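There are 2 protein chains.
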Amino acid sequence: MDLYPVIMAGGSGTRFWPASRAHYPKQFLNIIGSGTMVEETLNRVKPLAKEEQTIIVSNKEHHQILHTLLGENRYVILEEPLGRSTAPCIGLAALYLKKQGILDKPMVVLPADHFIAEEETFRKILSIGCMLAQDGDIITVGIVPTRPETGYGYLERGEVKRKIGGVTVYDIKRFVEKPDQKTALRYLNSGKYFWNGGIFIFTPKTILEEIKLHLPSLYAGLQTIEEAMDTSKYQEVLLSVYQYLPSLSIDYGLMEKTKRTVLSLPGDFGWSDVGSWDSVYDLRKEKRDKEKNLTQGDVILIDSKSSLVFSQSDKVVVGLGIKDLLIVDTPDVVLVGNLKKSQDIRKIIEELKKRKQHRLL
Amino acid sequence: MDLYPVIMAGGSGTRFWPASRAHYPKQFLNIIGSGTMVEETLNRVKPLAKEEQTIIVSNKEHHQILHTLLGENRYVILEEPLGRSTAPCIGLAALYLKKQGILDKPMVVLPADHFIAEEETFRKILSIGCMLAQDGDIITVGIVPTRPETGYGYLERGEVKRKIGGVTVYDIKRFVEKPDQKTALRYLNSGKYFWNGGIFIFTPKTILEEIKLHLPSLYAGLQTIEEAMDTSKYQEVLLSVYQYLPSLSIDYGLMEKTKRTVLSLPGDFGWSDVGSWDSVYDLRKEKRDKEKNLTQGDVILIDSKSSLVFSQSDKVVVGLGIKDLLIVDTPDVVLVGNLKKSQDIRKIIEELKKRKQHRLL
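Order-wise, the sequence lines are chains A and B. Just remember that my numbering sits 183 ahead of the position in the first sequence, which is counted from 1. Just remember that my numbering sits 183 ahead of the position in the second sequence, which is counted from 1.
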């Protein structure tokens, strides 16, 4: 089947500071050990679609990084002049496909910075989703929750719609925003909720119609961009439109409002959004040494355990009698933190902003 | 009174790795915060003796470091071609003084890498010691013990010999080597022991006679060196003699054997041999922040306490939620360790030797 992966690689974040920076975000890091996250994401969909059918939406600022990583390639790379969350990103990819005369083929929207353990299962789910999307429905992959996570949005599922190839297709009743701890626990125990992993499948026709309906200003912007496509004014128009677009996620801007049928396929393939150093430590269990240390680079550990040590500079990092620590050595910063509290990295970012040490962000 | 400080600056050690290295030992570090230890030691005796009466015995290997630190100066610098512990070092200084015709003036032997809080008291004790030494006795400064330390030698004191200027002079019965824990506790509780802080006062005549008596091969070596002094062969002869000298401390080689009267003055002036990173942390209480962190260099600490963080490179060191940690960042190594176990640094040295990473030693 002809399908069009859309890899959303324009994100930025601070949770992997100091390895990730404003100018070098997480999707370009090799923290999972087998390649950068964007490359892993591309490789994962390679059996499903040719390079020239695969769209990467990235930030113009990361042009050089992406080209250095991918080298000679046939991917379609769409560059956004500014990050404006997922709705404009998806709109731009749909617009590109429309321009190519592709309106009724499924596009598979995937974040560039997630981890998936069981790739075969993942591809099977996507293939089934693509079949369903051709009828005009919106397909999401619902991640089967494993803990009462408060950091994700949830999908409340309705009744079983049908079964295809052993996979149950659920009707989705509603998209819900990040819950508090109590609500998250209730969701988990009810067995009726999925995590929203940001994986969507629809046709360009479907999503453009939905944008027109629920995000009319984005739609107007996309029309302006469409007119400038293939002209010398494209970059200029793109920038002027993006400047005034609000940052809106596809979930909040559209999925929570749509009247269309939203179906969900259960994604039980070892998913992680790799949201913190701690999650990298969890994901790479098999790479830990017998003292449960996970190391990368030139590292010497003595009497040390349960620590994550990444040396990304040419220094040797030596740990002596340490436990549950996160050490990240980069060319201009050394971070030493409590691994179990790696979500507190945002506090460092706040402190650096307060100190106006912008070069370290 | 004419007296001759002899600053023993030839030591090497590993306890301040990675700030100290084989080619850059502790006495040349500024870890106490007010200057390098050798400079502090020199400044401490400045009110007692002119620069040209002050002898620094150092290792030839550290020639450049010493000259860079001291700049233009009038100190007498005696360079040893190899480190051979304290007996040859003291012998060489005594020989130099003898050559200058100084045989009956006190020489005050001081390690270059100790800390002393109360400098006035320290100088008063040394002055009294110098008066006593002119009679041919050997004077030691006994450090009043504050804990059952197993890392030092001890002095067992005998009866009170006399009092001078409010200071009690004790007869020393014997020098004892580093005790085990139980013995150290007994020494502490008995009130009859001092720590041997390696501070000695005697005349060149006294010490050369003692060397002749108890260390005849060192004495023979010194005679050979004496003959070559002021000739073009000096360096060559010095090397050939030193090569075959055993490493012998003045304590073990001589003090434990002497039949002379050994007197001790109690040294209760806030002494520390600054033997570990932990001791630096203890000594610099007043420099800690309100979370009991002691930092030097470009350091940012968040939710962190009771840690010692030294940045000696141009990196920023960031600590997040850490406690009781030692972090030392140098241009080629980052050490992260348990501050309370900083004596375990020797384990790193062993590991580096095993891995043949000699450039890091």
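Heads up, the beta-carbon is just placed ideally off N, CA and C, and yes, glycines get one too. The structure presented is a predicted model; accordingly, all values stated were derived computationally and were not measured.
Taking each of B:184, B:210 and B:480 in turn and checking the Cα distance to residue 190 of chain B, the smallest one comes out for B:210. Within chain A, 503, 504 and 505 have C-beta atoms less than 7 Å from the C-beta of residue 521 of chain B, given in sequence order.
At least one CB atom of chain B sits nearer than 8 Å to the CB of residue 499 of chain A. Residue state for residue 327 of chain B is assigned as coil, using DSSP reduced to three classes. Annotation: residue 457 of chain B is outside any alpha helix (DSSP H) and is labelled neither H nor E by DSSP. For residue 463 of chain A, the nearest beta carbon of chain B is not closer than 8 Å to its own beta carbon. Residue 418 of chain A sits exposed, since fewer than 16 C-beta atoms from the chains shown fall within 10 Å of its C-beta. Sequence-distant Cβ neighbours of residue 484 of chain A in its own chain, meaning closer than 6 Å and more than five residues away, are 476 and 502. For residue 346 of chain A, the uninterrupted beta strand (DSSP E) run begins and ends at 337 to 347, by DSSP. Taking 8 Å as the cut-off, the Cβ atoms of residue 353 of chain A and residue 447 of chain A count as close. Listed along chain B are 483 and 485, each with a C-beta nearer than 8 Å to that of residue 534 of chain A. Rounded to whole angstroms, the gap between the alpha carbons of residue 340 of chain A and residue 377 of chain A is 7 Å. Partner residues in a beta bridge of residue 220 of chain B, as assigned by DSSP, do not exist. The way I'd put it, the stretch 425 to 432 of chain A does touch the stretch 259 to 275 of chain A; three or more beta-carbon pairs between them come closer than 8 Å. Contact between residue 333 of chain A and residue 343 of chain A does not hold, since the beta-carbon distance rounds to 28 Å and is not under 8 Å. Taking the C-beta atoms as reference points, residue 205 of chain A is found no nearer than 8 Å to residue 513 of chain A. Under the DSSP assignment, residue 285 of chain B falls outside any alpha helix (DSSP H); it carries neither an H nor an E label. Contact annotation: residue 264 of chain B and residue 381 of chain B have beta-carbon atoms that are not nearer than 8 Å.
Your pair residue 323 of chain A and residue 355 of chain A checks out as a contact, with CB atoms roughly 7 Å apart and the cut at 8 Å. Separation of residue 491 of chain A and residue 531 of chain A (C-alpha to C-alpha, rounded to the nearest whole angstrom) is 18 Å.
In the three-state scheme derived from DSSP, where H, G and I count as helix and E and B as strand, residue 294 of chain A is classed as strand. Cβ proximity to chain B below 7 Å picks out nothing from the stretch 218 to 231 of chain A. In terms of beta-carbon proximity, residue 543 of chain B lines the interface with chain A, with at least one pair separated by less than 8 Å.
Using a Cβ-Cβ cut-off of 8 Å, residue 214 of chain A does not count as an interface residue toward chain B, since no Cβ of chain B sits closer than that to its own. For residue 388 of chain A, the three-state secondary structure derived from DSSP is helix. Contact note: residue 528 of chain B reaches chain A through 503, using a C-beta cutoff of 8 Å and chain order.
Comparing C-alpha distances from residue 195 of chain A to each of A:254, A:499 and A:296 shows the shortest one belongs to A:296. By the beta-carbon neighbour count (other beta carbons within 10 angstroms, threshold 16), residue 498 of chain A is buried. For the pair residue 259 of chain B and residue 285 of chain B, the CB atoms are not nearer than the 8 Å cut-off. The alpha-carbon separation between residue 450 of chain B and residue 311 of chain B amounts to approximately 12 Å.
At a cut-off of 8 Å between beta-carbon atoms, residue 420 of chain A makes no contact with chain B. With a cutoff of 8 Å on beta-carbon distance, residue 252 of chain B and residue 219 of chain B are scored as near each other. CA-CA distance, residue 362 of chain B to residue 328 of chain B, rounds to 13 Å. Residue 198 of chain A carries a coil assignment under DSSP once its states are collapsed to helix, strand and coil. Looking at A:347, A:522, A:315 and A:299, the one whose alpha-carbon comes closest to that of residue 287 of chain A is A:315. Listed along chain A are 498, 512 and 517, each with a C-beta nearer than 9 Å to that of residue 512 of chain B.
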